[in-house]
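Written below as structure tokens is the structure these notes are about.
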Amino acid sequence: MLIVFIGPPGAGKGTQSKRMLSYLQIPHLSTGDLLREAKSQDTPLGRLAAQYMDRGRLVPDPLVLDMVGECLSRPQYAQGCMFDGFPRTLQQAKSLDESLAQRGTPLSLAVEMRADENELIGRMLKRAAAEKRVDDNPETIAQRMAVYNKQTAPLLDYYQKRGILTTIDALGTPDEVFARIKAVVDAKRKAG
Ligand code: ADP
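Residue 612 in this note's numbering sits at position 62 of the sequence shown, with consecutive numbering throughout.
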């Protein structure tokens, strides 16, 4: 199974895809986590990416696509994958489709996690205190929301047209949200 999680910052994509990971036993690929790791290791990619991430802007497509391509070529990704925070632009989505078509394993499902923006901003400000993410401050959060609406939200239409989009309500406890996603995934698995 290949699943894409799409949603504004703070919607809980990371939390839910990690929970799904133990349920489905397929690996999780978070471009945000990979980029933060590169940043903390101070690699050339990390240094470059930090200039965008810390300001709430998207890391340029070629850098992200190289990083994801390298990851997907690993054997553990042969059986499936859950994408979290990727794709985030139409170019990334198209490029992902092309490489999956080459492997003969198209995307199974795109799950949109939808929630009220003000609720999400509140969540991220709380997370800022706990996790100390450099990009969880009011200015950068506003920028990330704007980037989501402008660059990532068009993907919803793209996946809708492909007939693989399902939208779930991302508000509620992590257990409630997980149950909603699990229902969508189970239905898809039954349908084959
Ligand atoms: P959130 O969804 O809360 O903003 P992420 O961890 O998914 O958090 O992403 C953090 C930052 O990493 C983004 O603001 C962006 O700068 C960068 N990033 C992550 N994934 C991508 C991607 N697919 N394309 C471009 N930039 C990305």
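The beta carbon of each residue, even a glycine, is placed where N, CA and C say it ideally should be.
Just verifying my parser: in three-state terms, what is the DSSP assignment at residue i?
i: R739; result: helix
i: D634; result: strand
i: D686; result: coil
i: I731; result: helix
i: T716; result: strand
i: V661; result: strand
i: V609; result: coil
i: L579; result: strand
i: L552; result: strand
i: T702; result: helix
i: S572; result: helix
i: R624; result: coil
i: T723; result: coil
What do you get for residue i, buried or exposed, if any count of 16 or more other CB atoms within 10 angstroms of its CB means buried?
i: Q652; result: exposed
i: P559; result: buried
i: S567; result: buried
i: R638; result: buried
i: Q642; result: buried
i: A741; result: exposed
i: Y698; result: buried
i: D757; result: Residue 757 cannot be examined here, being either before or after the span of the chain that is shown, 551 to 742.
Am I right that residue i and residue j are in contact with their C-beta atoms under 8 Å? What's the rounded C-beta distance?
i: S658; j: I576; result: Going by Cβ atoms, the distance from S658 to I576 rounds to 11 Å, so no, they are not a contact pair.
i: R673; j: D719; result: With 8 Å as the limit, R673 and D719 do not qualify as a contact, their Cβ atoms being about 14 Å apart.
i: C631; j: L598; result: The Cβ separation is near 25 Å, so there is no contact.
i: S649; j: L622; result: 7 Å
i: M695; j: E669; result: Not really, about 12 Å apart at Cβ, beyond 8 Å.
Just to check, is the beta-carbon of residue i closer than 8 Å to a non-hydrogen atom of the ligand ADP?
i: Y708; result: no
i: R664; result: no
i: P499; result: This structure gives no information on residue 499, because the portion of the chain shown stretches from 551 to 742.
i: L657; result: no
i: T639; result: yes
i: R586; result: yes
i: D634; result: yes
i: K682; result: no
i: D611; result: yes
i: M570; result: no
i: L595; result: no
i: S580; result: yes
i: K563; result: yes
i: V661; result: no
i: D685; result: yes
i: V554; result: no
i: G606; result: yes
i: R712; result: no
i: Q566; result: no
Would the C-beta of residue i count as close to the ligand ATP, meaning under 8 Å from any of its heavy atoms?
i: Q591; result: With respect to the ligand ATP, the structure offers nothing, as its ligand set consists of the ligand ADP.
Validate contact between the stretch 703-718 and the stretch 658-676 using beta carbons, cut 8 Å, 3 pairs: yes
Take every Cβ of the stretch 580-598, pair it with every Cβ of the stretch 689-703, and state whether three or more of those distances are shorter than 8 Å. no
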